[in-house]
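Down below is the structure, laid out as structure tokens.
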Amino acid sequence: MIAARRPVQARLFDRSRLPDPLTFYPAELGALHGRGVWRSALCPFHKDSRPSLRVNVQTGAFRCMVCGASGGDVLAFQMQRYGLPFAAAAKAVGAWNEGHHV
Ligand SMILES: [Zn+2]
Numbered sequence: 444m445i446a447a448r449r450p451v452q453a454r455l456f457d458r459s460r461l462p463d464p465l466t467f468y469p470a471e472l473g474a475l476h477g478r479g480v481w482r483s484a485l486c487p488f489h490k491d492s493r494p495s496l497r498v499n500v501q502t503g504a505f506r507c508m509v510c511g512a513s514g515g516d517v518l519a520f521q522m523q524r525y526g527l528p529f530a531a532a533a534k535a536v537g538a539w540n541e542g543h544h545v
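Last residue of the sequence shown: number 545 in our numbering, and the count goes up by one each step with no gaps.
Here it is, written out as structure tokens:
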């Protein structure tokens with residue numbers, strides 16, 4: 444692929460800089476419950492009274508067993524939770540090469 448023809452967001456977005464789900468989710472949601480890859484937390488997408496949101500601490504994927512909110516990584520979470528477009532969410536989590544021409 445010719446770099447100059449790639450979409451701007453593909454050049455500026457750096458997936459390798461997405462935060463570790465194991466530290467990102469506790470910062471966003473409070474303590475995670477359980478052990479293993481999939482853990483539970485209070486869901487921010489509906490009025491949750493018990494931990495209904497399942498988060499994968501390796502991939503960042505998430506799925507709520509009650510309201511059905513779901514996504515594949517911490518970036519999708521950031522976009523949905525804060526209503527952000529792709530670039531703004533990537534900047535917010537530090538995965539955007541702002542000012543760096545790569
Ligand atoms: Zn939910």
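For glycine and all other residues, C-beta sits at the position ideal for the given N, C-alpha and C.
Just so it is clear, the structure is predicted and the values come from calculations on it, not from any experiment.
Buried versus exposed, by CB contacts within 10 Å (16 or more), residue i
i: R497; result: buried
i: M508; result: exposed
i: Y525; result: exposed
i: L472; result: buried
Where residue i falls: helix, strand or coil (DSSP)
i: L496; result: strand
i: R458; result: helix
i: R506; result: strand
i: A535; result: helix
i: R482; result: strand
i: P528; result: coil
C-beta atoms of residue i and residue j nearer than 8 Å
i: L527; j: L461; result: no
i: A504; j: G514; result: yes
i: T502; j: D491; result: no
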